[in-house]
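*Asks:* Protein chains in written order, with the numbering used here: chain A, 1 to 165; chain B, 1001 to 1165.
Yeah, the Cβ is synthetic: ideal placement off N, Cα and C, and Gly gets one too.
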DNA sequence: CATTTACGTCAGTCTCGTTGACATATATGC
DNA sequence: GCATATATGTCAACGAGACTGACGTAAATG
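#1: Could you tell me which whole beta strand (DSSP E) segments of length 3 or greater appear in the stretch 1033-1120 of chain B?
#2: Looking only at its own chain, which residues have a Cβ that is under 7 Å from the Cβ of residue 1046 of chain B, when we skip the five neighbours before and after it?
#3: CB of residue 1108 of chain B to nearest heavy atom of the ligand SAH: below 7 Å?
#4: Quick one: residues in its chain with C-beta nearer than 8 Å to the C-beta of residue 1154 of chain B, no 5 flanking neighbours on either side, listed in chain order?
#5: Are the CB atoms of residue 148 of chain A and residue 1026 of chain B within a distance shorter than 8 Å?
#6: Please tell me whether residue 85 of chain A and residue 53 of chain A are closer than 8 Å, where the distance is taken between their beta carbons.
#7: Is the Cβ of residue 29 of chain A closer than 8 Å to any Cβ of chain B?
#8: By a C-beta neighbour count over all protein chains shown, 10 Å radius and 16 as the cutoff for buried, is residue 36 of chain A buried or exposed?
#9: Which same chain residues end up closer than 6 Å to residue 1028 of chain B when comparing Cβ atoms and leaving out the 5 residues on each side of it in sequence?
#10: Once you ignore the five residues that flank residue 99 of chain A on each side, which residues in its own chain have a CB closer than 7 Å to its CB?
#11: On the three-pair Cβ rule with 8 Å, is the stretch 1120-1131 of chain B touching the stretch 12-24 of chain A?
#12: Leaving out five residues on either side along the sequence, give the residues of the same chain with a beta carbon under 7 Å from the beta carbon of residue 1138 of chain B.
#13: Among B:1101, B:1049, B:1103, B:1133, whose alpha-carbon lies nearest the alpha-carbon of residue 1090 of chain B?
#14: With C-beta atoms as the reference, is residue 115 of chain A less than 8 Å away from residue 1140 of chain B?
#15: How would you label residue 1101 of chain B, buried or exposed, when you count the other beta carbons within 10 angstroms and need 16 or more for buried?
#16: Give me the Cα-Cα distance between residue 109 of chain A and residue 1144 of chain B, rounded to the nearest whole angstrom.
#17: Quick check on the burial criterion: 16 or more other C-beta atoms within 10 angstroms. Buried or exposed for residue 1020 of chain B?
#18: Which bits of chain A does residue 1123 of chain B rub up against, with CB to CB less than 9 Å?
#19: With distances taken between CB atoms, is the gap from residue 103 of chain A to residue 56 of chain A smaller than 8 Å?
#20: CA-CA distance, residue 1059 of chain B and residue 58 of chain A?
#21: In chain A, what lies closer than 8 Å to residue 1136 of chain B by C-beta?
#22: Taking residue 1111 of chain B as the reference, which of B:1022, B:1096, B:1088 has the closest Cα?
#23: Let me check understanding here. Comparing Cα to Cα, which of B:1128, B:1066, B:1096 lies closest to residue 1156 of chain B?
#24: CA-CA distance, residue 22 of chain A and residue 1134 of chain B?
#25: Of all the CB atoms in chain A, is at least one closer than 8 Å to the CB of residue 1178 of chain B?
#26: Along the alpha helix (DSSP H) that carries residue 169 of chain A, what are the first and last residues, could you check?
#27: Below 7 Å CB to CB, which residues in the same chain sit around residue 75 of chain A once its five sequence neighbours on both sides are set aside?
#28: List, in chain order, every chain A residue whose beta-carbon is nearer than 8 Å to that of residue 1032 of chain B.
#29: Given this structure, state the Cα-to-Cα distance separating residue 81 of chain A from residue 1094 of chain B, to the nearest angstrom.
#30: Taking the C-alpha atoms as reference points, what is the distance between residue 1079 of chain B and residue 62 of chain A?
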């Protein structure tokens, strides 16, 4: 499907290499979200609901504004899916006693169950890839992905989980 | 933000590790598409147009059905953006002389220019991450991403570009 | 010549992103 | 205490981009 002759010029390798990365990211993300999307469909939810459920499950007590900073969407976009999740009892809100303007978010049993279901699928996919690739490759995978993320958000994924291996 | 005590149980490490991967993918893809999205906006285009322009540029002469297999969207969804790109002269269609049912797709000058602009941004981001991570990490990054992709599509990103380092 | 393939299109639906304005409750600085 | 800032929610309106199912046409193919 791609028909350059290898090494047409000294820049070829680099350009080819970078395009390969672009495509890997596209295909990987496409398939990574494909399975959950299918499940969410049955619940009448979409990918946006998944993201909320995931990050609330991961950070119990997270506030709306913190969630907005993670998702980088507008208040309105979040509000639509969040209020639906609250209405259908997947997510609970509790007023923060320290600052009563804040609403802290938690998963309810239904939400935890769905979260487990979705995360399980994605984890299985990652675990398989990790197992096949080996520990060293995993470390490289993380390093490069971290480098792709805007600097101001890198800490979000580095505090926990790395550094031991 | 995450407040487990490390090593609560033997499964912790693995679960934590997998969740970290999930988050890395989310943030990386979010930021990876963020820049192009902003540019596309000025053209009145969206991410779907980007994907078409990218893959047509990458595979000159690609047919509609091949493109559908890559994007995994419906004919109707593709049709909307493709016909717009053709109408505005970013993409050209030419009937295949071998099989005159097929329409082969090519970028026109405007399309090439936009493709360059978008790919440049994404490439720059990847190149920076690659440079900072080193050759070994890059190899690991590719290996793991390939493992995440559904098997039937892995060859799409492996034929060219890998194996030399 | 019947069937399959490639492509396009019509109508309708839904999710999920956007903007801008406005309302309310609470916290905070002076 | 009052002005201001912050956290949240909500309304109306819009647009992109995914979906389904049906139908039509042209060309290839067995």
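*Replies:* With the structure as the only source:
#1: Counting whole runs of 3 or more residues, the stretch 1033-1120 of chain B contains the beta strand (DSSP E) stretches 1091-1095, 1103-1107.
#2: 1040
#3: As far as ligands go, the structure on display features none, and thus does not contain the ligand SAH.
#4: 1146
#5: Taking 8 Å as the cut-off, the beta carbon of residue 1026 of chain B is found no closer than this to the beta carbon of residue 148 of chain A.
#6: yes
#7: yes
#8: buried
#9: none
#10: none
#11: yes
#12: 1130
#13: B:1049
#14: Contact: no.
#15: exposed
#16: 33 Å
#17: buried
#18: 14, 15, 18, 19, 21, 22
#19: no
#20: 40 Å
#21: Going along chain A in sequence order, the residues near residue 1136 of chain B (Cβ under 8 Å) are 136, 140.
#22: B:1088
#23: B:1066
#24: 18 Å
#25: Outside the displayed span of chain B (1001 to 1165) sits residue 1178 of chain B, for which this structure offers no information.
#26: Residue 169 of chain A cannot be examined here, being either before or after the span of chain A that is shown, 1 to 165.
#27: For residue 75 of chain A, where only same-chain residues beyond five positions count, the Cβ hits under 7 Å are 68.
#28: 25, 148
#29: 44 Å
#30: Rounded to the nearest angstrom, the gap between the Cα atoms of residue 1079 of chain B and residue 62 of chain A is 41 Å.
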